[in-house]
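Trainee: At position 278 of the sequence shown (counting the first as 1) the number is 286 in this note's numbering, and the numbers step up by one without a gap.
The C-beta atom is built at its ideal place from N, Cα and C for all residues, glycine as well.
Remember, predicted model here, so these are calculated numbers, not experimental data.
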Amino acid sequence: MKIISLVGARPQFIKEAIIHKELKKYKIKEILVHSGQHYNFNMSDVFFKELDIKNPDYYLNVGSGNHGEMTGKIMIEFEKVVINEKPDVILVYGDTNTTLAGAIVGAKLKIPIAHIEAGIRQEPKDMPEEINRVLTDRISKYLFCSSKLAVENLKKENITNGVHFVGDIMYDLYKIMEPKFKDEILNELKLKESEFIVLTLHRDFNVDNREKLKKILESLNKIAKERQIIFPIHPRTKKRIVEFGLENYLENITIIQPLDYLNLMGLVKNSWKIITDSGGLQKEAYFAKKQAIVLMPDTGWRELVEFGWNKLANENNLYEKTFEETKTIYPKDIYGTGNSRKDILKILFDNQS
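(1) What residue range does the alpha helix (DSSP H) around Q360 cover?
(2) What's the C-alpha gap between L275 and I119?
(3) Buried or exposed: which applies to I32, given that a residue is buried once 16 or more other Cβ atoms fall within 10 Å of its Cβ?
(4) Give the secondary structure of S43 by DSSP, where H, G and I count as helix, E and B as strand, and everything else as coil.
(5) Quick one: residues in its chain with C-beta nearer than 7 Å to the C-beta of M51, no 5 flanking neighbours on either side, listed in chain order?
(6) Would you grab the beta carbon distance between T144 and S43 for me? Rounded to a whole angstrom, and I think it's under 8 Å.
(7) Which residue comes first and which comes last in the beta strand (DSSP E) that contains I283?
(8) Express the C-alpha separation of I128 and F252 in angstroms, rounding to a whole number.
(9) Is the Cβ-Cβ distance between W280 and I205 less than 7 Å?
(10) Using a Cβ-Cβ cutoff of less than 8 Å, which residues in the same chain neighbour K350 once the five nearest sequence positions on both sides are dropped?
(11) From this set, E137, I124 and I147, which residue's C-alpha is nearest K116's C-alpha?
(12) Ends of the alpha helix (DSSP H) at P243?
(13) Start and end of the beta strand (DSSP E) containing A300?
(14) Taking just the CA atoms, how far does P187 sit from F295?
(15) Can you pull the DSSP bridge partners for S13?
(16) When DSSP builds the beta bridges, which residues end up paired with I237?
(17) With three or more C-beta pairs closer than 8 Å as the rule, is the region 293-312 touching the region 320-329?
(18) Buried or exposed, going by whether 16 or more other CB atoms sit within 10 Å of the CB of T208?
(19) Tell me, please, which residues DSSP counts as bridged to Y150.
(20) Specify the secondary structure class of M51 as computed by DSSP and reduced to three states.
(21) Look at I224 and F239 and say whether their C-beta atoms are less than 7 Å apart.
(22) Pick helix, strand or coil for I82, following the three-state DSSP scheme.
(23) Check this for me: beta carbons of E84 and D65, under 7 Å apart or not?
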């Protein structure tokens with residue numbers, strides 16, 4: 009059995025690395041193809057070290073461009089690889105242009121597509137990632153879902169064949185890396201467990217509008233008078249705050265440099281709550297059994313909101329949402345038990361052998 013894994017962004021490399029370790033156990037040959045969609049990778053990145061991420065067998069060198077141009081270039085180059093390698097299955101991850109391009113090529117060449125993180129749905133429906141998700145799910149043979157809500161989303165679209173709830177591959181990552189989480193920042197800032205908030209803020213819809221950003225910072229400043237806020241500030245956000253002259257709203261907030269995964273997770277695991285507009289961190293907060301106040305109009309991880317664990321917030325109700333009482337008991341195993349990679353490979357192996 010031969011599998012091609014197509015990746016084009018850092019999170020996809022990480023997910024592939026977790027799958028790759030399991031592929032070795034089954035002695036399945038894997039060809040790794042990097043589209044080049046995002047091409048600036050720091051090979052000293054903690055994940056490249058800890059997960060032993062392999063070098064791609066093919067590099068398509070697509071680079072940046074408009075959506076149609078990028079997707080088309082990936083399809084042209086990836087088709088050549090697929091025709092040459094003749095895989096039994098093509099693995100695609102998430103919701104990027106690389107994901108959609110790989111799925112289309114496989115479908116046209118009648119090679120089964122396995123979509124990891126299938127069934128996620130989010131408003132608005134015209135956002136590029138949502139378009140990529142929906143179209144990829146339509147043409148995939150194996151739809152590996154992170155949650156039962158994702159399974160239900162597909163069912164509402166009359167997609168039931170080949171749908172599997174396997175849990176979230178990023179929970180596998182969390183469990184693998186958890187013993188290595190660091191607490192240097194905790195000691196350095198003399199933080200007490202469960203007495204501080206971790207804040208991340210970088211989305212364009214939150215930071216690129218002066219009035220909206222001002223309202224968010226006003227709320228954060230108010231929150232910080234009651235709970236210490238630790239803010240690893242994103243370069244984009246820092247630039248906007250200076251550009252808009254809003255530095256005075258940071259006076260009660262502890263600003264630090266951006267953190268790598270191990271240090272950030274060390275902070276999250278010891279925090280009271282998380283305030284974030286990051287898709288990944290709102291879910292990682294759940295893994296760490298911490299609640300997240302999500303500064304977004306909608307989320308791809310709606311199950312966390314529906315269970316009452318995380319809360320959606322905006323610039324007008326951020327303070328209230330942060331201190332709102334939650335009686336919800338921690339909902340276990342929404343994203344499986346940390347064995348997603350094993351379930352995925354068993355399904356693929358059993359269906360090909």
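Mentor: Checking against the coordinates, here is how it stands:
(1) S348 to Q360
(2) C-alpha separation (whole angstroms): 44 Å.
(3) In the sequence on display, residue 32 carries Lys and not Ile. Answer is exposed; the Cβ neighbour count stays below 16.
(4) coil
(5) Here the model assigns M51 a pLDDT of 46, short of 50, so the residue's position is not dependable and the matter cannot be decided.
(6) So it is not a contact: roughly 14 Å between Cβ atoms.
(7) Where I283 is concerned, the enclosing beta strand (DSSP E) starts and stops at K281 to T284.
(8) In a straight line, the C-alpha of F252 is about 35 Å away from that of I128.
(9) yes
(10) For K350, where only same-chain residues beyond five positions count, the Cβ hits under 8 Å are E30.
(11) Nearest option by C-alpha distance: I147.
(12) P243 to E251
(13) Q299 to V302
(14) 14 Å
(15) L40 and L99
(16) I205
(17) Yes, the region 320-329 is in contact with the region 293-312.
(18) Under this definition T208 is a buried residue.
(19) A122
(20) For M51, the pLDDT reaches just 46, beneath the cut-off of 50, and the residue's location in the model is therefore unreliable, leaving the point undetermined.
(21) No. Outside cutoff.
(22) helix
(23) Looking at the sequence itself, residue 84 is Ile, so the reference to Glu does not match. In this structure, D65 does not lie closer than 7 Å to I84 by Cβ.
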